[in-house]
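**Q** First, the structure itself, so that you have it in front of you.
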Ligand SMILES: CC(C)(COP(=O)(O)OP(=O)(O)OC[C@H]1O[C@@H](n2cnc3c(N)ncnc32)[C@H](O)[C@@H]1OP(=O)(O)O)[C@@H](O)C(=O)NCCC(=O)NCCS
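In full-length UniProt numbering, the protein residues as written are 1 to 124.
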């Protein structure tokens, strides 16, 4: 978790289908939510379609449990000619005490796409 949370890009509640044999939420489900949240921000900045080109090495710090509310925070980290990197933090809010648990953080890189699905320069 970084010292500075970005914008609250997504808030979602996982369901019973998202649970693995340990009773935790699947890591792949978490990666999908991060991709969706980062993609929303990237498409807004790119003013059009984007594709995920890379995900930097990530570590899962704590599990998400059924009943948790999952919040995904996103902030722009760097911008290139056609690509931009979004830093994403995932936080689970648990129980009546609303305890916040840091689940994972990662950097997703998105590329702006043109109509032929090729890289497109980002707008000024
Ligand atoms: C995104 C895609 C169009 C880029 O095509 P490409 O031929 O690699 O394009 P380029 O080499 O010109 O790179 C485009 C930009 O991506 C960046 N990039 C490419 N690979 C990267 C990587 N592994 N990590 C970080 N940035 C990367 C380049 O640095 C460049 O950024 P810049 O213009 O800001 O300098 C192509 O790789 C693709 O379609 N990938 C599949 C995307 C997809 O379907 N994602 C969903 C998951 S299946």
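Idealized CB from N, CA, C, for every residue including glycine.
Based on DSSP bridge pairs, tell me the residues matched to residue 87.
**A** Note: residue 87 sits in a beta bridge opposite 75, 107.
**Q** Does the count of Cβ pairs from the stretch 67 to 84 and the stretch 33 to 46 closer than 8 Å reach three?
**A** At 8 Å Cβ cutoff, the stretches touch.
**Q** Only counting the same chain, and skipping five residues up and downstream in sequence, which positions put a Cβ closer than 8 Å to that of residue 68?
**A** Excluding residues within five positions, the ones whose Cβ falls inside 8 Å are 13, 14, 25, 92, 93, 94, 101.
**Q** For residue 71, which of 51, 36, 50, 109 has the nearest alpha-carbon?
**A** Checking every option, the nearest Cα to that of residue 71 belongs to 36.
**Q** Less than 8 Å between the C-beta atoms of residue 112 and residue 53, yes or no?
**A** For residue 112 and residue 53, no; Cβs fall outside 8 Å.
**Q** Alpha carbons only, please: which of 105, 66, 88 is nearest the one belonging to residue 22?
**A** Ranking the options by Cα distance to residue 22, first place goes to 66.
**Q** Please classify residue 105 as buried or exposed, where buried requires at least 16 neighbouring CB atoms within 10 angstroms.
**A** It is buried - the Cβ of residue 105 has at least 16 other Cβ atoms within 10 Å.
**Q** Under 8 Å, do residue 103 and residue 55 count as touching if we go by C-beta distance?
**A** Not in contact: residue 103 and residue 55 (Cβ atoms no closer than 8 Å).
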